[in-house]
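Colleague: Quick one: this structure, given as structure tokens, is what I'll be asking you about.
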Amino acid sequence: MEKTEAPVRGRGGRPPKTDTAKNCVMVRFTDGEYARFLALFEQSGTLSKAAFVKARVFGDEFRVIRSDRGTMEFAARLTAFNAQFRKIGVNYNQIVKELHAHFSPKKALALLYKLESETRELVAVGAKIAALADEFRQRW
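Residue numbers for the sequence shown follow UniProt numbering, so the first one is 1 and each next one is one higher.
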């Protein structure tokens, strides 16, 4: 009887990283230092303390994220308005389809003219909102 060799299979799982982070550095803080560290960490908005420490050690710039109630309210209203704007676009397409399906071309064009004038007003409002958003972004 002949012996058959088992086929050689590769290792399963995730491929190994080329540059693994295997060196660990530990630091101890006093209570006052740790409170200051936590305050800076919370202001930075970094997701983990380790990433925050690495960024400070290697000289990345320190960003403070402030949450202003007015800013958050403006962003929420702008998001809601944008959602309504998209809904209007969907409704516009549905109206045009129905007009072409159920009315004569002459009647459909008359109704589309009215719809077009309203759409122009809506576009003007959208442009004003975009300008306000750009102005807001530049100020902050």
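Each residue gets a CB set at the ideal place from its N, CA and C atoms; glycine is no exception.
(1) Given a cut-off of 9 Å on the beta-carbon distance, is the pair V96 and L115 in contact?
(2) Hey, how far is the Cα of E73 from the Cα of P16?
(3) Could you give the residue range of the alpha helix (DSSP H) that holds T71?
(4) For residue 181 and H100, which I take to be in contact (beta-carbon distance under 8 Å), what is that distance rounded to the nearest angstrom?
(5) Which of the three DSSP states is assigned to P105 in this structure?
(6) Could you give the first and the last residue of the continuous alpha helix (DSSP H) run that contains G32?
(7) Can you say whether F81 is buried or exposed, counting buried as having 16 or more other CB atoms within 10 angstroms of its CB?
(8) Are the beta-carbon atoms belonging to T46 and A39 less than 9 Å from one another?
(9) Where does D19 sit, in a helix, a strand or coil, going by DSSP?
(10) Please classify F52 as buried or exposed, where buried requires at least 16 neighbouring CB atoms within 10 angstroms.
(11) Closest by CA to M26, which one among A50, G13 and R77?
Modeller: Taking the coordinates as given:
(1) Yes. Within cutoff.
(2) Taking the straight line from one Cα to the other gives about 45 Å.
(3) Per DSSP, T71 belongs to the alpha helix (DSSP H) from R69 to H102.
(4) With the chain running from 1 to 140 in the structure shown, residue 181 is simply not present.
(5) In this structure, P105 counts as helix in the three-state DSSP scheme.
(6) Counted as a single uninterrupted DSSP element, the alpha helix (DSSP H) harbouring G32 occupies residues D31 to S44.
(7) So F81 counts as exposed.
(8) Cβ atoms of T46 and A39: not closer than 9 Å.
(9) Residue state, collapsed to three classes: coil.
(10) Counting Cβ neighbours within 10 Å, F52 comes out buried, since at least 16 surround it.
(11) The shortest C-alpha separation from M26 is found at A50.
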